[in-house]
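The structure appears below as C-alpha cells.
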Amino acid sequence: MNYSTFSLRQDGALLRVKLSNPPINLVNLKMIEELFQLSGQLVADQNTRVVIIESADPDFFLAHFDIEDIEKSITDPSKAGNYPDINALQALALSWQALPQVTIAKVAGRCRGGGLEFILALSMRFATVDSRFCSPEAAGGFLACGGGTTRIGMMAGPARALEFLLSARDFSGAEAERYGLINRALPASELDGYVDALANSIARRSMAVIGMHREVFKHAFLPTVEPLFAALAAENDGMRVAMAGSEMKPALDAMLAIKQTRENELDLPATMQRILPAR
Amino acid sequence: MNYSTFSLRQDGALLRVKLSNPPINLVNLKMIEELFQLSGQLVADQNTRVVIIESADPDFFLAHFDIEDIEKSITDPSKAGNYPDINALQALALSWQALPQVTIAKVAGRCRGGGLEFILALSMRFATVDSRFCSPEAAGGFLACGGGTTRIGMMAGPARALEFLLSARDFSGAEAERYGLINRALPASELDGYVDALANSIARRSMAVIGMHREVFKHAFLPTVEPLFAALAAENDGMRVAMAGSEMKPALDAMLAIKQTRENELDLPATMQRILPAR
Amino acid sequence: MNYSTFSLRQDGALLRVKLSNPPINLVNLKMIEELFQLSGQLVADQNTRVVIIESADPDFFLAHFDIEDIEKSITDPSKAGNYPDINALQALALSWQALPQVTIAKVAGRCRGGGLEFILALSMRFATVDSRFCSPEAAGGFLACGGGTTRIGMMAGPARALEFLLSARDFSGAEAERYGLINRALPASELDGYVDALANSIARRSMAVIGMHREVFKHAFLPTVEPLFAALAAENDGMRVAMAGSEMKPALDAMLAIKQTRENELDLPATMQRILPAR
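Protein chains in written order, with the numbering used here: chain A, 39 to 317; chain B, 39 to 317; chain C, 39 to 317.
Structure representation (C-alpha cells):
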C-alpha cells in the first residue's frame, strides 16, 4: 500500500514508520485515515513484531491536529464522526493500542495535541531530553479529546496531569519522563541507539512470548478498561460543551487567521498567549 | 469574612491564602474551622478560579495538628466528631478536594502531620527542594488519620508510603517529588516564579474548561472513590485502636510536657526520638 | 531451625537474613523450601518486627531460579506443583507478602529472574545505584511466572514494564528506582546506613502501629487483589504455552550446556544473546 503522510521501511521483524506531512507534520484527516489503514495492515502482518514511529522533520514529530480539519468537523456534519461516544482520533488510538505488535514512538522535536494523544496509546515512548510535549487545547477553550485527557490523567496522576493540561505549556522530554508520560528521555545523541537496541531485542522475541506478557497485563489492568471508556465518553461530552460555548470557535479562528506556519508553531504556547484574549 | 489564622489577597481570578497562626503555624481547631469556612465561601465564589496556599512563616508551612487539640478531642466528648467514620480533618480535606477551583499548595519550610494531610487533598503541590515533609504520627503511637495514610498510600504506592509513614522522618522536597507526593520540587529561588506562572496560566482558563477536564478525571479515577472512603474509615478504626492502647497518650503527654516550641519543632523527628522511650 | 541456604541474625526486633547458596546464590527448590519455612516461623514470631534480607555474595544478591530445577519441574511430574493456578514461587511470594513484619530487601550485585520476583513481594526494596535487575525469561522463550510479570506491570505501569520484561537486559539500581521497582537506589557506601536507620526506626514501632497502617492500605488497594490473582493465573497460562512450544526447552538446554557458572552469569544477558539463536 502507498501512503502519502509517512514512509515505511521494513528491517526484518522491525517496521520503521517515518512521519512526513510537510510543512510541519500536522495530524490531518488524511494522516489519520492512513494511520488507520496501516493499523489494519499490521493486524494481519505476521512478519512484523516491532514498529518504530519517528519523524522526518527534526523540529516537528507531530505538530497537532490540523485546525482546519477541526473546524470542518465542527461545521460540516458530513465530516463529523458517526458515533457520539467515540471520535476519530480516539478510535485511531484504540486501534493502535490493540495491535499485537510492540509499537514505539521515538520523539525528537515537538509533539503536541492530537499527535501526543496518538502516541500515548502506543506500547512505549522515548524522547530526547529537550523534545517538547504539550496539550494546547485548554488554551484554545477546549480539551484533548483523542484520549489524551484520559491517558495523561491515568499515566501522570490527577495532580500532575491537571498541571500539564491546564498550563498548556511545552514540557521538555525530561519533564515528561518525570511525569510518567514517556518511558524515558535521553540525550539526543543516545536516543537512536537506545531505541534501536531495544527494538532489536524485542524483535528477537516470538509473538507467542510477546503475547503471553500482554495477556498477563490484560488481567492486571482489567480494572482500568471501564474507566478508560467512560472517560473517553466524558472527553466527548466536554467537547460538546466546548463547541456550544463561546471560547473555542473564536480561538480556532484566531489561530487560523495567522496560519499554522512553522514560525508560529515553533513556540506554539507563546503564539497562543500572544493572539488569544486575556480573560 | 475575617479570618484569624490566615490572610487573603485577591488578584483577579487568583486568590492567595497566606497561613499565619503564630508561633509555628500549628493546625488547631480554630484554623480547621476557618479553612472550612473558606471552602464554603469558595464554593459560591464565581470570581476565583485558582487558589494558592502559602505560609507567612518561612520555617513552618504548617507544623502539624496541635497536640493540645488532639488531647481535647480524645478526652472531651464534646470535642469529638459526630460521625464515627469521618473526622474533622478528613472532612476538611474532602471539602477542599471537591472545590471547583484549582487549589495549589506552595510549600517552603516544614509541612508535617495534619498540615501535610490537608494539602494532599488539594489539586497540586509544589515545594522547595529543601522543604521538609513528615508524618510523625507513627512515632507517637498512632497514624495519620486525616486522610494522610490513605492518600500517601495511593500517591506513593504501598512500598514507598510504608517507608515514609513508619520512618516518621523528615523527607526533603526533592524526596517528596521522587515519591510522588508533590508535583515537583524547585530551588527556593524558582518556586514563586514557577507557581505564579502556572497559576496565571490556569487563571486564563474558564471554569467551563477547567470543569470539563475534571469531569474526565472523575470518570478515569472513579474506581478509587470507594477505596478512598473505605480507607478513611480504616484510618478511624486505627485511631480507635491507638486511643485504646497504651502508647499514644503517654507520647502525646511527653510532647506536651516539653511544649510545642519552635526550637523543639524545627527538627521534630529528632525531638521525638529523644523524648519518647525506645521500645 | 537450621537453614542451609541462608543464615539468621537476631538483633532486638530486627531479624537479618543473609542469603548464602554458593556459588552464585541460585534460587533452587531447597532455598524456596527454606524461605517457606522461614515465613512460617515468622508468622508466629512475636519478637521480630522488621526483617532485612541481604546477600553474603557481593556480586549476586540472587542469581535466578536454578535452571536444573526448572527443567525438573517440567519433565518430572512429581516435581510439578499441585495446583494449576498457583506455582511454588508465586506461593512463596504471597506468603511473604502476607507476613505481619515489615520485610526489606537490601540489594547489591545481581538480582534476576525468580530472585527479583521474590523480593517484589516484600514490603520494600533498596539497592545500590549500580546493582543489576533483570527478568531474563523472555529471552529464554518464556515469562516471569513467580508473580514478576504481574508485579512489575503493576509497579512500573504497562509501558515501562513491557520494556523491562521484553528487553531482558540488566537495569541498574538507578534505573529500577526510576521505573518504580524499588523504593530507591543509593551509592554503595550509603546503602547499609540508610537501610539500617530505616529498619531501626521501624523496629521502634509496635506491631499495633504497623498493623493499623497496613489495615488502611488493605482497603486502599483492595481493587488490586482480584487483578493480582487473575494475572498470576495468566502467568501460569503463559507458562503452559511456553512449555508446549518449541522455544523454551532448547533455550534452557543451551543454558545448562554451558553451566550456570559465575563467569557466564556475571553478564547473563550477554551470555544469553551469545548462545541463543537469533530469530
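We put the beta carbon where it would ideally sit given N, CA and C, even for glycine.
Going by the DSSP bridge assignment, what does residue i pair with across the sheet?
| i | result |
| --- | --- |
| residue 92/A | 56/A |
| residue 224/C | 166/C |
| residue 148/A | 98/A and 170/A |
| residue 143/B | 91/B and 163/B |
| residue 48/B | 53/B |
| residue 210/A | 170/A |
| residue 65/A | 103/A |
Closest Cβ-Cβ distance between residue i and chain C: below 8 Å?
| i | result |
| --- | --- |
| residue 273/B | yes |
| residue 187/B | yes |
| residue 10/B | Any question about residue 10/B goes unanswered here, given that chain B covers just 39 to 317. |
| residue 211/A | no |
| residue 243/A | yes |
| residue 218/A | yes |
| residue 292/B | no |
Does the beta carbon of residue i sit closer than 8 Å to a beta carbon anywhere in chain E?
| i | result |
| --- | --- |
| residue 248/B | This model lacks chain E altogether; the protein chains it does include are A, B and C. |
Can you pull the chain C residues whose beta carbon is under 7 Å from the beta carbon of residue i, in chain order?
| i | result |
| --- | --- |
| residue 196/A | The premise fails here: residue 196/A is roughly 15 Å from chain C at the closest Cβ pair, so nothing lies under 7 Å. |
Residue i CB to nearest chain B CB: under 8 Å?
| i | result |
| --- | --- |
| residue 207/A | yes |
| residue 155/A | no |
| residue 283/A | yes |
| residue 162/C | yes |
| residue 78/A | no |
| residue 140/C | yes |
Which residues of chain B have a Cβ atom closer than 7 Å to the Cβ of residue i, listed in chain order?
| i | result |
| --- | --- |
| residue 258/C | 188, 191, 192, 265 and 269 |
| residue 221/C | 197, 198 and 201 |
| residue 279/A | 246 and 250 |
Can you pull the chain B residues whose beta carbon is under 9 Å from the beta carbon of residue i, in chain order?
| i | result |
| --- | --- |
| residue 236/C | 201, 204, 205 and 207 |
| residue 170/C | By Cβ distance, chain B contributes nothing, its closest Cβ being about 20 Å from residue 170/C, past 9 Å. |
Cβ closer than 8 Å: which chain A residues qualify as neighbours of residue i?
| i | result |
| --- | --- |
| residue 181/C | 247, 250, 251 and 254 |
| residue 231/B | Within 8 Å Cβ-Cβ: nothing; residue 231/B doesn't reach chain A, min ~13 Å. |
| residue 276/C | 250, 251, 253 and 254 |
Could one say the Cβ of residue i lies closer than 8 Å to chain A's Cβ atoms, at least one of them?
| i | result |
| --- | --- |
| residue 65/C | no |
| residue 308/C | no |
| residue 131/C | no |
| residue 316/C | yes |
| residue 176/C | yes |
Along chain A, which residues have their Cβ under 7 Å away from the Cβ of residue i?
| i | result |
| --- | --- |
| residue 167/C | Within chain A, no residue comes near residue 167/C; the closest Cβ sits about 16 Å away, beyond 7 Å. |
Taking residue i as part of the alpha helix (DSSP H), name the residues at either end of that continuous run.
| i | result |
| --- | --- |
| residue 298/C | Here residue 298/C belongs to no alpha helix (DSSP H), and DSSP marks it neither H nor E. |
| residue 126/B | 126-135 |
| residue 205/B | 186-205 |
| residue 267/A | 263-282 |
| residue 311/C | 306-313 |
| residue 253/A | 245-258 |
Closer than 8 Å by beta-carbon distance: list the chain B residues that pair up with residue i, in chain order.
| i | result |
| --- | --- |
| residue 90/C | Here the premise fails: no neighbours, minimum Cβ distance about 13 Å. |
Can you name the residues of chain C whose CB is closer than 8 Å to the CB of residue i?
| i | result |
| --- | --- |
| residue 240/A | 204 and 205 |
Run down chain C in chain order and give the residues with a C-beta less than 9 Å from the C-beta of residue i.
| i | result |
| --- | --- |
| residue 147/A | Result: empty, since nearest Cβ-Cβ is about 21 Å, beyond 9 Å. |
Under 8 Å: do the region 298-310 of chain B and the region 279-290 of chain C share three or more Cβ pairs, one atom per stretch?
no
Would you check if there are 3 or more beta carbon pairs closer than 8 Å linking the region 220-231 of chain B to the region 222-233 of chain C?
no
Are the region 90-107 of chain A and the region 59-72 of chain B in contact at 8 Å, needing three or more beta carbon pairs?
no
Are three or more beta carbon pairs between the region 183-199 of chain C and the region 269-276 of chain C nearer than 8 Å?
yes
Is there contact between the region 84-96 of chain A and the region 283-291 of chain A, where contact requires at least three CB pairs shorter than 8 Å?
no
Counting Cβ pairs, one atom from each stretch, are 3 or more of them under 8 Å apart for the region 177-188 of chain C and the region 247-266 of chain A?
yes
Stretch pair the region 104-114 of chain B + the region 161-168 of chain B: three plus CB contacts closer than 8 Å
no
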